């Protein structure tokens, strides 16, 4: 199992390794941060021993375990987090560097851990434990949609158990009533209709395959030829990693036509195929897998295939025929490939 980082809007959570001793010590050496953990700041030896014990709990092939929290853009250390399993529930936890207290950081992390536990780990319940005197963390968990459900008196600590229990909004209630009225029809249609969607377009570029592939590897250059890059000239783009290599992330934020999201290179078959993951954040959250394939026709021409695939869960898949992904997205793909051909053939 490949364990990928967990992303929130501003932070990235990466599983701790034995090489994270320096970073973890910066966190554990603060008495205020450790107040409700050990009650005192740790020495370097104590910190290393604690990190070692964390790493021994779970291996690196599971999402359960301890994470470092870092700023997605600057790489600054923000804190640490955990995902643990208690029965069928997933327990979340976090610690934040003192200089980030009171800035909404803990609330974003808690919400991100809850969302990941429910959506990815499919946890039937998400829980957290907090010392009864830790009023700041109690407020954070409440803001994240969790409810105090139990007082637990251990030998060394009195704490509350919190369970995730999101509150319904008036809008959600209206949506719920509408769904209940149509639920039979929707469920029948959802199970019958397809859940997968795929879009692909291709074009022939009169350039050698190696030259075309080298250009396509650059996500930075994609903004020069993709249709979306031209829909908002003022779109803000930021980057993380080394362009043209696995792990490079291109992030964008623009007008209503392009929204907000990021694209990450996930795999490269040198000379043949580039795989990326598209993570849309606004106007709605979704994830799709995209790819670009180069096929040599002869020594001076190359066929480029550009496409993406995804799944729409039940019952949302009933909207697929109305969205007509192949026509709407395919048009943008073809426009982008035409732009690509024009740029490369002028070089």
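Residue numbers (my numbering): 24 to 370.
Think of the CB as a built atom: it goes at the ideal place given N, C-alpha and C, for glycine as much as any other residue.
Keep in mind that this is a model prediction, so the values were computed, not measured.
Contact check for residue 164 and residue 151: beta-carbon distance about 6 Å, within the 8 Å limit, so the pair qualifies. In the three-state reduction of the DSSP assignment, residue 87 falls in the coil class.
Fully contained in the segment 248 to 284 are the following beta strand (DSSP E) runs of length 3 or more, in chain order: 259 to 263, 272 to 276.
With fewer than 16 other beta carbons inside 10 angstroms of its own, residue 219 counts as exposed. Here residue 260 is near residue 246, since their CB atoms are less than 8 Å apart. With three or more CB-CB distances shorter than 8 Å, the segment 156 to 163 counts as touching the segment 123 to 131. Residue 109 and residue 315 have their C-alpha atoms some 42 Å from each other. Taking all protein chains in view, the Cβ of residue 41 is surrounded by fewer than 16 other Cβ atoms within 10 Å, so the residue is classified as exposed.
A distance of 8 Å or more separates the beta carbons of residue 291 and residue 327. Residue 149 sits away from residue 182, with the two beta carbons spaced by 8 Å or more. By the 16-neighbour rule on beta-carbons within 10 angstroms, residue 83 is exposed. For residue 321, the uninterrupted beta strand (DSSP E) segment begins and ends at 309 to 321. Judged by beta-carbon spacing, residue 49 lies beyond the 8 Å limit of residue 91, meaning their Cβ atoms are not closer than that value. Distance between residue 272 and residue 175, taken at the CA atoms: about 44 Å. Within the same chain, and ignoring the five residues on either side of residue 288 in sequence, the residues whose Cβ sits closer than 6 Å to its Cβ are 269, 271, 299. The residues 54, 57, in chain order, have a CB closer than 7 Å to that of residue 63 in the same chain once the five nearest residues on each side in sequence are set aside.
Shown here, residue 97 sits in coil according to DSSP, grouped into three states, outside any helix or strand. Put simply, the backbone Cα of residue 304 is about 42 Å away from that of residue 179. Under DSSP, residue 167 takes part in no beta bridge, so it has no partner. Note on residue 115: 16 or more other CB atoms within 10 angstroms of its CB, so buried under the neighbour-count rule.
When the Cα atoms are used, residue 73 and residue 286 turn out to be separated by approximately 36 Å. Across the set 295, 297, 307, 296, the C-alpha of 307 shows the shortest separation from the C-alpha of residue 282. The alpha-carbon of residue 274 is positioned some 6 Å away from that of residue 262. Taking the Cα positions, residue 250 is about 8 Å away from residue 362. Judged by beta-carbon spacing, residue 331 lies beyond the 8 Å limit of residue 309, meaning their Cβ atoms are not closer than that value. Judged by beta-carbon spacing, residue 106 lies within the 8 Å limit of residue 140, meaning their Cβ atoms are closer than that value.
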